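Chemist: Going line by line, the protein sequences match chains F and Y. Per my numbering, the very first residue in the first sequence carries number 1; after that it's consecutive. Per my numbering, the very first residue in the second sequence carries number 243; after that it's consecutive. All C-beta atoms in this analysis are idealised placements derived from N, C-alpha and C, irrespective of residue type, glycine included. All values reported here derive from a predicted model rather than from experimental measurement. Below you'll find the structure I mean.
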Amino acid sequence: MNQNTRNLIIIPALNEEKNLPIVVNSIRESCPDFHIVVIDDGSTDNTKAVAERLGCDVVSLPFNLGIGAAVQTGFLFAKEHGYDIAVQVDADGQHLPEEIGKLIEPIRKDELDVVIGSRYVTTTNYDTPFFRRLGMIILSAVNSLILGKKVTDTTSGFRAYNRKAIHFLAENYPDDYPEPEAIVLLARNGFRIGEVAVSMRKRVTGSSSITPVRSIYYMIKVLLAIFVDIFRKKEIREEHGN
Amino acid sequence: MEIRVQIISVIASLGLIFFIFELIRKRKFLEKYSILWIFSGIVLFVLAIWRSLLEKLAWVLGIEYAPSALFLVFIFLGILMFLHFTMVISRLTTQNKRLGQEIALLKHELEKYKKQS
């Protein structure tokens, strides 16, 4: 890959007017060569206006479609505008833009198609609530079992994708809680996936979307989806133009 | 078989068929979604009016009271219908998602062009 790659940062945002300026400004500081698109997933606050004032491209979904569909909209945007690398960064400030360089390094070198920024590859300063951690451990065990490869942080949304992965995910991306399922989907379709260790921060303001009750639904839904995926035919087809 | 339950079953299934027909006629039902309904109505009607068939069916299923077989068939058709609904809703959800995404992307493009001109 040459130096003139076009890089995109996808920020899915639902009611993040408070965190967004911090996140966008720190991205601009550490990754000035990245274009930023904010996918506003039907926010009821001023997320859209705030993002526009910050000078980002804003794609505003007409109603709340869920994180999976929002991120997929980012992939559609990246595909349409011909980006080479897309990095998903959450709007809540957990993901540190300083780490993006580390994340895209394996893609630049063409060693991987998908890179996951992982909290647990080595010790980093981030502690997770108990329920979520339990869920993550189970999911990572299941994922590792299916893929025959160790994936430690299957729920991390801090990921980088190359062009091939962008095009694939623009057509196939899971709904609701997409992260663990996406790994299985990508691996089964022959994409090279790897992890790099990154530091993450606790949320700046607001609360996580994952409550203990939801995490049970989350677990069941994700495990079912992963289980069913095993019995599906591979989705990958010949690139259909455009 | 008790004659009263038979009369009620015949009237109810005829009513169902008529009602479905009316809904299609008024274009409140798309034909393609009403086929399963019409089929169900006809099955129930046939079993209600054709006593010996229902009794034979009940015997095959090991049901002593023949009208119970009618309920069983009814429940079976009901489940089939629910499965069909879930299928249709899932498809609509997927299409709806893509529509939302496409609209958002188009709107974004449109606003960009408006600003330029």
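#1: Does the separation of the CB atoms of aspartate 176 of chain F and lysine 102 of chain F fall below 9 Å?
#2: I'd like to know whether the C-beta of threonine 5 of chain F is nearer than 9 Å to at least one C-beta of chain Y.
#3: Does any heavy atom of the ligand ATP sit closer than 8 Å to the C-beta of glutamate 244 of chain Y?
#4: Please report the distance separating the alpha-carbon of aspartate 229 of chain F from that of valine 184 of chain F.
#5: With a cut-off of 8 Å, do at least 3 Cβ pairs link the stretch 286-293 of chain Y to the stretch 311-327 of chain Y?
#6: Candidates F:Asp110, F:Glu80, F:Ala141, F:Val59: which alpha carbon is nearest isoleucine 345 of chain Y's?
#7: Do the stretch 36-52 of chain F and the stretch 136-154 of chain F make contact, defined as three or more Cβ pairs closer than 8 Å?
#8: Would you mind giving the Cβ-Cβ distance between alanine 86 of chain F and glycine 74 of chain F, rounded to the nearest angstrom? I have them listed as a contact below 8 Å.
#9: Is isoleucine 39 of chain F close to chain Y, meaning its C-beta is less than 9 Å from at least one C-beta of that chain?
#10: Quick test of your reading: proline 32 of chain F and valine 71 of chain F, contact by CB under 8 Å. State the CB separation rounded to the nearest angstrom.
#11: At least one CB of chain Y closer than 9 Å to the CB of aspartate 175 of chain F: is that the case?
#12: By DSSP, does aspartate 229 of chain F sit in helix, in strand, or in coil?
#13: Hey, could you find the ends of the beta strand (DSSP E) serine 118 of chain F is sitting in?
#14: Compare the Cα-Cα distances from phenylalanine 34 of chain F to each of F:Gly55, F:Asn143, F:Arg201, F:Met200 and report the closest residue.
#15: Only counting the same chain, and skipping five residues up and downstream in sequence, which positions put a Cβ closer than 7 Å to that of threonine 266 of chain F?
#16: Are glycine 190 of chain F and valine 115 of chain F touching if we call contact CB-CB under 9 Å?
#17: For valine 89 of chain F, which option in F:Val213, F:Gly117, F:Ala69 has the closest C-alpha, if you only look at C-alpha atoms?
#18: Measuring straight from C-alpha to C-alpha, what distance separates leucine 319 of chain Y and isoleucine 249 of chain Y?
#19: Output the distance between the C-alpha atoms of phenylalanine 130 of chain F and serine 215 of chain F, rounded to the nearest integer angstrom.
#20: If you follow the beta strand (DSSP E) that valine 37 of chain F is in, where does it begin and where does it stop?
#21: From the beta carbon of leucine 358 of chain Y, is the nearest beta carbon of chain F less than 9 Å away?
#22: What does DSSP give as the partner residues of isoleucine 85 of chain F in its beta bridges?
#23: Hey, isoleucine 277 of chain Y and phenylalanine 263 of chain Y: beta-carbon distance below 9 Å or not?
#24: Got a sec: which bits of the stretch 65-85 of chain F sit with their beta carbon under 8 Å from any beta carbon on chain Y, in order along the chain?
Modeler: By the coordinates alone:
#1: At a Cβ-Cβ threshold of 9 Å, aspartate 176 of chain F and lysine 102 of chain F do not count as neighbours.
#2: For threonine 5 of chain F, not one C-beta of chain Y is nearer than 9 Å to its own C-beta.
#3: As far as ligands go, the structure on display features none, and thus does not contain the ligand ATP.
#4: Rounded to the nearest angstrom, the two C-alpha atoms are 8 Å apart.
#5: Flag = yes, the stretch 286-293 of chain Y and the stretch 311-327 of chain Y touch.
#6: Scanning F:Asp110, F:Glu80, F:Ala141, F:Val59 for the CA closest to the CA of isoleucine 345 of chain Y turns up F:Val59.
#7: Verdict: no, contact absent.
#8: Right, the Cβ-Cβ distance comes to about 7 Å (below 8 Å), so this counts as a contact.
#9: It does; some Cβ of chain Y falls within 9 Å.
#10: Their Cβ separation, rounded to whole angstroms, is 23 Å, which puts proline 32 of chain F and valine 71 of chain F out of contact at 8 Å.
#11: Cβ-Cβ to chain Y under 9 Å: yes for aspartate 175 of chain F.
#12: Looking at aspartate 229 of chain F - three-state DSSP - the assignment turns out to be helix.
#13: Per DSSP, serine 118 of chain F belongs to the beta strand (DSSP E) from 114-118.
#14: For phenylalanine 34 of chain F, the nearest C-alpha among the options comes from F:Gly55.
#15: Outside the shown range of chain F (1 to 242) lies residue 266 of chain F, about which nothing can therefore be said.
#16: No, they are not a contact pair.
#17: Comparing Cα-Cα distances from valine 89 of chain F to each of F:Val213, F:Gly117, F:Ala69, the minimum goes to F:Gly117.
#18: Looking at the two C-alpha atoms, the distance is approximately 21 Å.
#19: Whole-angstrom Cα-Cα distance: 11 Å.
#20: Run containing valine 37 of chain F: 34-40, per the beta strand (DSSP E) assignment.
#21: Looking at the sequence shown, residue 358 of chain Y is not leucine but glutamine. No, glutamine 358 of chain Y does not count as interfacial toward chain F.
#22: In the DSSP output, where bridge partners are listed per residue, isoleucine 85 of chain F has F:Asn7, F:Asn162.
#23: Cβ distance not < 9 Å, so isoleucine 277 of chain Y and phenylalanine 263 of chain Y don't count as in contact.
#24: From the stretch 65-85 of chain F, only Leu65, Ala69, Gln72, Thr73, Leu76, Phe77, Glu80 have a Cβ closer than 8 Å to chain Y.
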